[in-house]
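Colleague: Residue numbers (the working numbering): -2 to 194.
(1) In the structure shown, what three-state DSSP assignment does residue 61 receive?
(2) In angstroms with no decimal places, state the Cα-to-Cα distance between residue 132 and residue 174.
(3) Would you decide whether residue 2 is buried or exposed? Buried here means 16 or more other CB atoms lie within 10 Å of its CB.
(4) Would you mind working out which of 47, 87 and 42 sits nearest residue 9, comparing C-alpha positions?
(5) Flag this pair as yes or no: are the beta carbons of residue 171 and residue 150 separated by less than 9 Å?
(6) Need the endpoints of the alpha helix (DSSP H) that residue 43 sits in, please.
(7) If you draw a straight line from the C-alpha of residue 93 to the C-alpha of residue 100, how long is it?
(8) Measure the C-alpha to C-alpha separation of residue 7 and residue 152 and round it to an integer number of angstroms.
(9) Helix, strand or coil: which one does DSSP assign to residue 108?
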């Protein structure tokens, strides 16, 4: 389980072993892909080991599927300075970590031994360590908007009700009442659809 969350590194023992087996000939295209911040660490390991298990001819054929323009674009995006800036962004690191977590809870052989956090209600404004930061109008309105955009009607309704309780709607325009009404209408429609005829 602990190996699932290792950051990708060519210095990792199994990666070094695979590189030695092929005579340390790394495909520059594969290197570009593995250096990018677009893939999670587990994606990079999966891609690396999958490609290195293929016969040499199939590896070359697969990597040659990208046309020259795509390779040039990838090389440009992978420019060392640009890549460093992109990979250093907190959003990139958190995205990769979330992808790794998601892959673990959905794909790991031992996933059933753990509580799947992606099946639970995301209620961060009720977490005691965060409620003093998130349980205020300035934070709850954007959270409700996020739920609306994801069509999570029940969660949006819960937040709008909490906003009403704490006086968040006072002094606000009709926009928030419209959003609340929209969520209520959609949730009601979903209940009608789920009832047997």
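Just so it is clear, CB atoms sit at the ideal spot from N, CA and C, and this is done for glycine as well.
Modeller: Reading off the structure:
(1) Coil at residue 61, not helix or strand.
(2) So the two alpha carbons sit approximately 19 Å from each other.
(3) exposed
(4) 42
(5) no
(6) Taken as a continuous stretch (DSSP letters only), the alpha helix (DSSP H) holding residue 43 covers 38 to 50.
(7) 10 Å
(8) Spanning the alpha carbons of residue 7 and residue 152 requires a straight line of approximately 43 Å.
(9) helix
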